[in-house]
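Heads up: the structure comes next, in structure tokens.
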Amino acid sequence: MNSVFSALSHAKKSLKSFEQAAQLQPQELTYLRGVFSFYQGAPSMAGGSTEKAIDVAKSMIAIDARKGYQSLVSLGFNKSLPEVQTWIDEAQAQLGELPEYPYMQGMMLQQEEKFDEAAVLLSQAVANEQTDEDSQSFKLKALYQIGRTSVLAEQYSLAAQQSLEQYIEAKPAGQDMPSISWATLRLAQLHAYNNQSEQAGSLIASIDTQDDERLEDEIKKLKRKL
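According to numbering that gives the first Met the number 0, the stretch in the sequence shown is residues 0 to 225, in order.
Structure representation (structure tokens):
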């Protein structure tokens, strides 16, 4: 019980630190993101609040409309809020058609195991015509997730295979990007679903697990199926 109270006390101190930093530098998005993440993720007994997260996201919109709407829409999908479509419409009216919104919606459908619908939305994200860095990041993530969606559905898809191959060829960098090793595993899994054991085995042999235990476990599972 003491550990619970200690954790709650620590969480509230963290929130207070973020709030103080945001007050001192109200135009600094980093601190507002910290406050937003806390309100979005913390349980209510620790100070979490969907309503307050919405307010912070709207403050972020005034500083950086795109980042603010990304946070607001992401919150809407994560919490299944009825306002989410209104927020998307507002964002696109102000910023134009952007890939993050079909990407986010596709990811939610994937979590709900609506794989065919998810693949359609993720493909829309990839097809988006925006070429700025932020858009390219979401489009690359969507390529990977098209492949992962097919794996989760346990069905081979040529479109999914080509999406993963395109992702691997692009060699995306960034901490929020799925690794090439994971993309290669997903590609191997697709080949296995298509009864292409030789291709799957060759891909597995090329994977650098980088001491990723979860990746190693997935590789072992796939090897047993080949």
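No residue lacks a Cβ here, since even glycine has one placed at the ideal position from N, Cα and C.
None of the values given here were measured: they were computed from a predicted structure.
Taking the alpha carbon of residue i as the reference point, which residue from the options has its own alpha carbon closest?
i	options	result
Y100	A118, T148 and Q123	Q123
G200	S178, R185 and V150	R185
F137	T49, Y102 and S205	Y102
Q135	L120, S196, P98 and S205	P98
S162	D131, Q195, V119 and D175	V119
E111	T85, T148 and D88	T148
E89	F76, Q104 and V72	V72
K113	P42, L151 and K78	L151
L221	K78, T208 and I203	I203
G33	A56, I179, E212 and E50	A56
A187	I206, M176 and E116	I206
E189	R223, Q160 and F76	According to the sequence provided, residue 189 is Leu. The question's Glu does not apply to it. When only C-alpha atoms are compared, the closest one is Q160.
E106	Q195, N194, Y192 and I145	Checking the sequence, you will find Met at residue 106 rather than Glu. Answer by Cα proximity: I145.
How close, in whole Å, do the beta carbons of residue i and residue j come, if the pair is a contact with beta carbons under 8 Å?
i	j	result
S58	L31	6 Å
L74	A52	6 Å
G47	G40	7 Å
L214	S196	Not confirmed; about 20 Å, so no contact.
Tell me whether residue i counts as near the ligand NAP, meaning its Cβ is closer than 7 Å to at least one heavy atom of that ligand.
i	result
Q39	As for the ligand NAP, it is missing from this structure, which has no ligand bound.
Per the contact definition of three or more C-beta pairs closer than 8 Å, is the segment 126-133 in contact with the segment 166-180? Contact between the segment 166-180 and the segment 126-133 is not established, with fewer than three Cβ pairs separated by less than 8 Å.
If we count Cβ pairs, one from each stretch, closer than 8 Å, do we get three or more for the segment 88-98 versus the segment 63-80? The segment 88-98 vs the segment 63-80: in contact.
Segments of 4+ residues assigned as alpha helix (DSSP H) that fall wholly inside the segment 21-102: For the alpha helix (DSSP H) assignment, the uninterrupted runs of no fewer than 4 residues enclosed by the segment 21-102 are, from N- to C-terminal side, 28-40, 49-62, 64-77 and 83-94.
Would you be able to state if there are at least three C-beta pairs under 8 Å between the segment 135-142 and the segment 151-159? These segments do not touch.
Which whole runs of the alpha helix (DSSP H) in the segment 131-201 are 4 residues long or more, in chain order? Correct list: 132-151, 157-169 and 179-192.
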